[in-house]
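**Q**
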Amino acid sequence: MRFHWFLPTTGDGHHVRPATTTVAAGTAAARPATLDYLAQVARAAEAAGFDAALTPVGAGCPDPLVACSAIAARTERLRLLVAFRPGFTLPTLLAQQAQTFQEISGGRLLLNVVTGGDPEEQRAYGDFLDHDARYGRTEEFLTVLRRAWTGRRFDHQGVHYRVSGGGLATPLPGAPDIYFGGASPAAERVAAAQADVYLMWGEPPAMIAERVARMRRPAH
1460 MRFHWFLPTT GDGHHVRPAT TTVAAGTAAA RPATLDYLAQ VARAAEAAGF
1510 DAALTPVGAG CPDPLVACSA IAARTERLRL LVAFRPGFTL PTLLAQQAQT
1560 FQEISGGRLL LNVVTGGDPE EQRAYGDFLD HDARYGRTEE FLTVLRRAWT
1610 GRRFDHQGVH YRVSGGGLAT PLPGAPDIYF GGASPAAERV AAAQADVYLM
1660 WGEPPAMIAE RVARMRRPAH
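In our numbering, the protein residues as written are 1460 to 1679.
(1) Can you tell me which of the three DSSP states A1512 falls into?
(2) Let me make sure I understand the geometry here. Which of M1674, T1514, V1622 and H1615 has the alpha-carbon closest to that of S1643?
(3) Could you name the residues that DSSP lists as bridge partners for Y1657?
(4) With a threshold of 7 Å (Cβ to nearest heavy atom), would H1463 be considered close to the ligand NAP?
(5) Taking a contact to mean a Cβ-Cβ separation below 8 Å, would you say F1560 touches L1537 in this structure?
(6) Could you check the C-alpha separation between N1571 and L1604 for me, to the nearest Å?
(7) Shortest alpha-carbon distance to G1633 belongs to which of L1568, R1490 and L1658?
(8) Whole angstroms is fine: what's the gap from G1485's alpha carbon to P1578's?
(9) Could you pull the start and end residues of the beta strand (DSSP E) that F1587 belongs to?
(10) Can you look up V1573 in the DSSP assignment and give me helix, strand or coil?
(11) Which residues share a DSSP beta bridge with A1542?
(12) Buried or exposed for I1530, please, with buried defined as at least 16 other CB atoms from any protein chain shown within 10 angstroms of its CB.
(13) First and last residue of the beta strand (DSSP E) that includes D1522?
(14) Measuring only the C-alpha atoms, how far is A1483 from G1519?
(15) For R1536, does the three-state DSSP call read helix, strand or coil?
(16) Flag this pair as touching only if the region 1642-1660 and the region 1611-1624 have three or more C-beta atom pairs under 8 Å; answer yes or no.
(17) Tell me whether the beta-carbon of A1583 lies closer than 8 Å to the beta-carbon of L1540.
(18) Under DSSP, the alpha helix (DSSP H) around F1560 begins and ends at which residues?
(19) Using DSSP with H/G/I as helix, E/B as strand and the rest coil, what is F1547?
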């Protein structure tokens, strides 16, 4: 069994606050999310034996890949579970970013797919696809991403992406595991096809058992 922690990149304190969206005025964190403080949290999680730390993505928090690159330099063993949104970058670029992160961190990157959040926030980033179309894009994104990691040149012609002679120059050893959440039929279909780890909320055991059984069928 592995345990993960959470990096509070919007700040920390004694009150419940949003982790990804813009925080309303008057709810400033008691402990600002400086690099020194986040590194302190990460080192404490590392010392306590946690395997990895999730870093959120959204308009209300710093870019997680940039933040975790800095935190990786201040930790030794803790893996960094970096959330990202397909469609906000190209899969071929993320393949290169992942390769760089693995090289500078000693292979400590994990990736958490966040297909969508608040529709208003999605549109503010320039993303106007509807729910199911976003999951279709996510599936294609992950297909291209995994092909890029093989180190073999490839072409791809899809609904959302077109690649000519893409791919890393060399294979990526220890490619990051893909973590994936979502309870809609579209999300479960993509998770079963593409995810290494399926994420769920802390729901009652009976609900978790039902979803696990449902996910195992298409995964096999």
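The beta-carbon is built from N, C-alpha and C at its ideal position, and this holds for glycine as well.
**A** A quick look at the data gives this:
(1) strand
(2) M1674
(3) F1639
(4) What this structure holds is no ligand at all, so the ligand NAP is not there to describe.
(5) no
(6) 13 Å
(7) L1568
(8) Here G1485 scores only 49 on pLDDT, less than 50, and its place in the model should not be relied on; the value that follows carries that caveat. Between G1485 and P1578, the C-alpha separation is close to 25 Å.
(9) No beta strand (DSSP E) contains F1587, which DSSP labels as neither H nor E.
(10) coil
(11) N1571
(12) buried
(13) Careful: D1522 lies outside any beta strand (DSSP E) and carries neither H nor E.
(14) In this prediction, A1483 has a pLDDT of 49, which is less than 50 and means its spatial position is unreliable; what the coordinates show is noted afterwards. Whole-angstrom Cα-Cα distance: 10 Å.
(15) coil
(16) no
(17) no
(18) P1550 to S1564
(19) coil
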